[in-house]
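Note sheet for the following structure.
2 protein chains.
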Amino acid sequence: MTPEEFRAAGHKVIDWIADYRARVYVGDLPVMATTAPGDVRRALPSTPPDTGESFDDIMRDMDRIVVPGLSLWQHPSFFGYFPANSGLASVLGDTLSTGLGVLGLSWQGCPALTELEEVVLDWFRQMLGLSSAWSGVIQDTASTSTMVSLICARERASDFAFGRGGMQEGLRTLVVYTSEQAHSSVDKAALMAGFGRDNVRHVPSDTHFSMHSASLEQLIVNDLAAGRTPCAIVATTGTTTSTAIDPVRDIAAIAKQYGVWLHVDAALAGSAMILPECRWMWEGVEEADTLVVNAHKWLGVAFDCSQYFVRDEDLLVRVMSTNPSYLRSTVDGEVKNYRDWGIPLGRRFRALKIWCLIREQGVHALQERLRRDLRNAKWLEEAVRATPDWRVLAPVPLQTVCVRHEPDGLLGAALDLHTQRWCDALNRSGKAYLTPATLDGRWMVRVSVGSEYTEQAHVEALWANMRAAAEHA
Amino acid sequence: MTPEEFRAAGHKVIDWIADYRARVYVGDLPVMATTAPGDVRRALPSTPPDTGESFDDIMRDMDRIVVPGLSLWQHPSFFGYFPANSGLASVLGDTLSTGLGVLGLSWQGCPALTELEEVVLDWFRQMLGLSSAWSGVIQDTASTSTMVSLICARERASDFAFGRGGMQEGLRTLVVYTSEQAHSSVDKAALMAGFGRDNVRHVPSDTHFSMHSASLEQLIVNDLAAGRTPCAIVATTGTTTSTAIDPVRDIAAIAKQYGVWLHVDAALAGSAMILPECRWMWEGVEEADTLVVNAHKWLGVAFDCSQYFVRDEDLLVRVMSTNPSYLRSTVDGEVKNYRDWGIPLGRRFRALKIWCLIREQGVHALQERLRRDLRNAKWLEEAVRATPDWRVLAPVPLQTVCVRHEPDGLLGAALDLHTQRWCDALNRSGKAYLTPATLDGRWMVRVSVGSEYTEQAHVEALWANMRAAAEHA
Numbered sequence: 053m054t055p056e057e058f059r060a061a062g063h064k065v066i067d068w069i070a071d072y073r074a075r076v077y078v079g080d081l082p083v084m085a086t087t088a089p090g091d092v093r094r095a096l097p098s099t100p101p102d103t104g105e106s107f108d109d110i111m112r113d114m115d116r117i118v119v120p121g122l123s124l125w126q127h128p129s130f131f132g133y134f135p136a137n138s139g140l141a142s143v144l145g146d147t148l149s150t151g152l153g154v155l156g157l158s159w160q161g162c163p164a165l166t167e168l169e170e171v172v173l174d175w176f177r178q179m180l181g182l183s184s185a186w187s188g189v190i191q192d193t194a195s196t197s198t199m200v201s202l203i204c205a206r207e208r209a210s211d212f213a214f215g216r217g218g219m220q221e222g223l224r225t226l227v228v229y230t231s232e233q234a235h236s237s238v239d240k241a242a243l244m245a246g247f248g249r250d251n252v253r254h255v256p257s258d259t260h261f262s263m264h265s266a267s268l269e270q271l272i273v274n275d276l277a278a279g280r281t282p283c284a285i286v287a288t289t290g291t292t293t294s295t296a297i298d299p300v301r302d303i304a305a306i307a308k309q310y311g312v313w314l315h316v317d318a319a320l321a322g323s324a325m326i327l328p329e330c331r332w333m334w335e336g337v338e339e340a341d342t343l344v345v346n347a348h349k350w351l352g353v354a355f356d357c358s359q360y361f362v363r364d365e366d367l368l369v370r371v372m373s374t375n376p377s378y379l380r381s382t383v384d385g386e387v388k389n390y391r392d393w394g395i396p397l398g399r400r401f402r403a404l405k406i407w408c409l410i411r412e413q414g415v416h417a418l419q420e421r422l423r424r425d426l427r428n429a430k431w432l433e434e435a436v437r438a439t440p441d442w443r444v445l446a447p448v449p450l451q452t453v454c455v456r457h458e459p460d461g462l463l464g465a466a467l468d469l470h471t472q473r474w475c476d477a478l479n480r481s482g483k484a485y486l487t488p489a490t491l492d493g494r495w496m497v498r499v500s501v502g503s504e505y506t507e508q509a510h511v512e513a514l515w516a517n518m519r520a521a522a523e524h525a
Numbered sequence: 053m054t055p056e057e058f059r060a061a062g063h064k065v066i067d068w069i070a071d072y073r074a075r076v077y078v079g080d081l082p083v084m085a086t087t088a089p090g091d092v093r094r095a096l097p098s099t100p101p102d103t104g105e106s107f108d109d110i111m112r113d114m115d116r117i118v119v120p121g122l123s124l125w126q127h128p129s130f131f132g133y134f135p136a137n138s139g140l141a142s143v144l145g146d147t148l149s150t151g152l153g154v155l156g157l158s159w160q161g162c163p164a165l166t167e168l169e170e171v172v173l174d175w176f177r178q179m180l181g182l183s184s185a186w187s188g189v190i191q192d193t194a195s196t197s198t199m200v201s202l203i204c205a206r207e208r209a210s211d212f213a214f215g216r217g218g219m220q221e222g223l224r225t226l227v228v229y230t231s232e233q234a235h236s237s238v239d240k241a242a243l244m245a246g247f248g249r250d251n252v253r254h255v256p257s258d259t260h261f262s263m264h265s266a267s268l269e270q271l272i273v274n275d276l277a278a279g280r281t282p283c284a285i286v287a288t289t290g291t292t293t294s295t296a297i298d299p300v301r302d303i304a305a306i307a308k309q310y311g312v313w314l315h316v317d318a319a320l321a322g323s324a325m326i327l328p329e330c331r332w333m334w335e336g337v338e339e340a341d342t343l344v345v346n347a348h349k350w351l352g353v354a355f356d357c358s359q360y361f362v363r364d365e366d367l368l369v370r371v372m373s374t375n376p377s378y379l380r381s382t383v384d385g386e387v388k389n390y391r392d393w394g395i396p397l398g399r400r401f402r403a404l405k406i407w408c409l410i411r412e413q414g415v416h417a418l419q420e421r422l423r424r425d426l427r428n429a430k431w432l433e434e435a436v437r438a439t440p441d442w443r444v445l446a447p448v449p450l451q452t453v454c455v456r457h458e459p460d461g462l463l464g465a466a467l468d469l470h471t472q473r474w475c476d477a478l479n480r481s482g483k484a485y486l487t488p489a490t491l492d493g494r495w496m497v498r499v500s501v502g503s504e505y506t507e508q509a510h511v512e513a514l515w516a517n518m519r520a521a522a523e524h525a
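These protein sequence lines map, in sequence, to chains L and F. For the first sequence, the working numbering gives the first residue as 53, with consecutive numbering after it. For the second sequence, the working numbering gives the first residue as 53, with consecutive numbering after it.
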């Protein structure tokens, strides 16, 4: 495709995206795809074309095959998983990144890529109210960020013996602690990094689903007594299921006392830390070693853009660095080489999509949008609490409301069935998208508010639809 | 930004990219940025804006601040690192992905995202001449792909004891084997996955810089005798430094005999396997366990898009899977959930950029472009061989030519200095971009041919510029 062909097709693509987003934002398309398994696959040719096709043919298949198979994450009635806003200014930033087609293997491979990332991550640090002791880098997801932390913790706890000698006999058993409410990516990262499932402690949570810090300490003491080495704690600010808030200050004190690495997973809730009134939620975060905030969730940077902050960048680089001849350059001492700050070597120019979003919106507008979402969640919480047979199951510090319809006499498995049935019916109706989850061993429905175009009217409509679905289930 | 504001700004962005690419493709801009460390950072405000700015202001800063700080990977005189083509049809595919703003956490979260990925990865499998025993998935980079392989190998070799018990006492020492010419990402993956540097064997290479398979077997025998467990071999088809070809057939036989996992790193050279005449280079690949091909290199898919192929998908999923309640759905048995095929949970719709490239180009056009590059590399090889004081240092099976100017009397460190000096002078002239590397302990210059717009005339001009630079250094 030549630049002139790109120009022609590109204008059509931009118009197509603008039309698509406008249609999604209106809110009358079905939110959840009703595609059956295999529908999309069967609509596509099973072999690649020998000769080129026109871009118009591709766009026709976007409409005909791809769009019907999408669940609409940008829909104002998308209340599933977490808000994955992909603000249109950020989309343009990402388009610029792909259009430039540059790569950051080292500073010299593309100086602007590295330095813009330094600057916008520092903007972010300020927006989150973090001290200047933190340095930031973009990772793909919080899964990777958490894994990088656990690998660093493993190396620090073993005085780098693990990096040298690996899993040979004689090494101590290193233990990771996280709340029983923590995200599955913590277990996965521990597994990938070689800790082993047996050495991940799931600390009990309290009645608010926050990590119980006295239990954490007890587990550490037990492990020490058994000759094991406490290595890392992963605290969560805003758990996936219920946005529960672990007591970071207390946990940090324990981490310090026992010399254990502290990583704070604020993948979802970190966005809210641009609001000073929310920062009590991670009080003590300055005592942590590492921290992750997914700017690609509520805040609105197009996926993927996980911001990873560290205090000891020397240690990070020591653990992550390899230095082959083909990547060296004469300025290596003077610049950051982000290849040594994570797992992949190659690097997109992802800072552009942050830069475009923050500049086009300004911090105030971002703050006001998040405040709107907090108000909408609070509205729903109060509406649910005021309604017979409905329960709010967890505190609502942020934008997620955990609810259950509990009609008279329904208990246990019958109640689970009822919950899944009405939620599934509502999803299938296309009027909203909700993802149920278990809390205290029973199914309930999470309402995750915060899609960019979700106004109070959408939450009110959702609540009416939830009641109707539950009564007819 | 509203859809209508996006439409207006988006058209400008498309025009800007079209103009930028056209300017780059002409080939008279300096290839390497001459930016000094800190130049870009100092040109940017150190704090984020409180209120929004116009997108025109952002575009002005693209021209004023960002572009001068770019090294031009799409320039026809870019001969550094590896070809990182970002074909414009693929750029539009990526724009569509970002514009849709959908996420693949599970099949249900976006059915089309999963199924289009299945289909285009299977197109790719066919284009590469692989049997239908392989299943594909997109990872971000080969670093991650290789790490996933080593983690799977670790679990298979320990009968999953490692995943359960982790690094506790009593586990056997697991060993990884790779060529001394292998990419740094193999060492890094082994380190991240917990093997430890001491347990990575760098197998000697032969005079062609290919892994010496008899030495590989000897190392395995030695490790077994010492009570260690050979776990994984990483063979390379097309090494980074010189595109050396490891003998996959012989290595696969050894892997089979000793029950060791075999991963084939064809990150760069895999693209050439769409040419039947190149497939001798990885003969035996069907005996491997896993395989990585970076479609975001020579082939032209916009970064990042690393294609990872496995034969035993059950084992991959067993190692990588976590299954929290908030990700389950009613169709889980019938569909692929790619979250269990790698490390990150969240997933961009990256299949779109492959789909758009293959459809717009067709397989034949992709093949012809690669054949052109092979011819151009061959032309340079012959020109260098025919010139006094110049040497070709390694076989040229693909598109990389390793050369050195060796004027009379220059040896050792003096020769290294000369090499680095003329290469640096040429890079600073802006006329070409080359990345030197060491081979047999001495510096030399890699000429990596294969940028999308590189024609023979550009290689001829490069060769004239190399001679001029070397004579004046």
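Here a beta-carbon is modelled for each residue, glycine too, at the ideal position from N, C-alpha and C. None of the values given here were measured: they were computed from a predicted structure.
{"Check": "L/R206, DSSP secondary structure in three states", "Outcome": "helix"}
{"Check": "Collapsed DSSP secondary structure at F/G217 in the structure displayed", "Outcome": "helix"}
{"Check": "Length at least 3, wholly inside the region 144-215 of chain F: the beta strand (DSSP E) runs in chain order", "Outcome": "187-191"}
{"Check": "Residues that F/N251 contacts on chain L, provided the C-beta gap is smaller than 7 Å", "Outcome": "G218"}
{"Check": "Inter-residue spacing [alpha-carbon to alpha-carbon] between F/I306 and F/P89", "Outcome": "48 Å"}
{"Check": "Nearest candidate by alpha-carbon position, reference F/L226, set F/E232, F/V362, F/A245", "Outcome": "F/A245"}
{"Check": "Assumed close pair L/V371, L/I203 - CB separation to whole angstroms, cut-off 8 Å", "Outcome": "6 Å"}
{"Check": "Bridge partner(s) assigned by DSSP for L/D317", "Outcome": "L/T288, L/V344"}
{"Check": "Helix, strand or coil at F/I69 [DSSP, three-state]", "Outcome": "helix"}
{"Check": "Cβ of F/D146 within 8 Å of any chain L Cβ", "Outcome": "yes"}
{"Check": "Limits of the unbroken alpha helix (DSSP H) element including L/L467", "Outcome": "464-481"}
{"Check": "Continuous alpha helix (DSSP H) assignments of at least 4 residues falling wholly in the region 406-461 of chain F", "Outcome": "415-437"}
{"Check": "Selection of the region 122-149 of chain L by Cβ proximity to chain F, strictly under 7 Å", "Outcome": "L122, S123, W125, Q126, Y133, A136, S138, G139, L140, A141, V143, L144, D146, T147, L148"}
{"Check": "Helix, strand or coil at F/P282 according to DSSP, with G and I counted as helix", "Outcome": "strand"}
{"Check": "Same chain, Cβ closer than 7 Å to F/A321, neighbours up to 5 away in sequence not counted", "Outcome": "T289, G290, T295, M333, L450"}
{"Check": "Segment contact, 8 Å Cβ cut-off, at least three pairs: the region 112-132 of chain L with the region 125-139 of chain F", "Outcome": "no"}
{"Check": "Within 8 Å, strictly: CB atoms of L/T54 and F/T147", "Outcome": "no"}
{"Check": "Any chain L beta carbon closer than 8 Å to F/L243", "Outcome": "yes"}
{"Check": "For F/F130, the first and last residue of its enclosing beta strand (DSSP E)", "Outcome": "From DSSP, F/F130 is part of no beta strand (DSSP E); its letter is neither H nor E."}
{"Check": "Alpha helix (DSSP H) segments (min. 4 residues) lying fully within the region 229-285 of chain L", "Outcome": "236-244, 265-277"}
{"Check": "Where L/M496 sits in the DSSP three-state scheme", "Outcome": "strand"}
{"Check": "L/T490 - partner residues in DSSP beta bridges", "Outcome": "L/W495"}
{"Check": "Stretch pair the region 185-193 of chain L + the region 158-170 of chain F: three plus CB contacts closer than 8 Å", "Outcome": "no"}
{"Check": "Where F/T293 meets chain L, residues with beta-carbon distance less than 9 Å", "Outcome": "P376, S377, Y378"}
{"Check": "Same chain, Cβ closer than 7 Å to F/S237, five either side skipped, listed in chain order", "Outcome": "A194, S195, T198"}
{"Check": "Residue environment, L/V273, which counts as buried when at least 16 other CB atoms sit within 10 Å", "Outcome": "exposed"}
{"Check": "Chain L contacts made by the region 178-194 of chain F, where a contact means CB separation under 7 Å", "Outcome": "Q178, M179, D192, T193"}
{"Check": "Bounding residues of the alpha helix (DSSP H) (the contiguous stretch that carries F/Q508)", "Outcome": "508-524"}
{"Check": "Proximity of F/W175 and F/I410 at Cβ, strictly below 8 Å", "Outcome": "yes"}
{"Check": "Range of the contiguous alpha helix (DSSP H) that encloses F/F107", "Outcome": "107-113"}
{"Check": "Exposure of L/L276, with buried meaning 16 or more beta-carbon neighbours within 10 Å", "Outcome": "exposed"}
{"Check": "As assigned by DSSP and simplified to three states, the class of F/L96", "Outcome": "coil"}
{"Check": "Helix, strand or coil at F/I297 according to DSSP, with G and I counted as helix", "Outcome": "strand"}
{"Check": "According to DSSP, residues forming a beta bridge with F/Y360", "Outcome": "F/V189, F/V344"}
{"Check": "Contact with chain L by F/Y360, beta-carbon distance below 8 Å", "Outcome": "no"}
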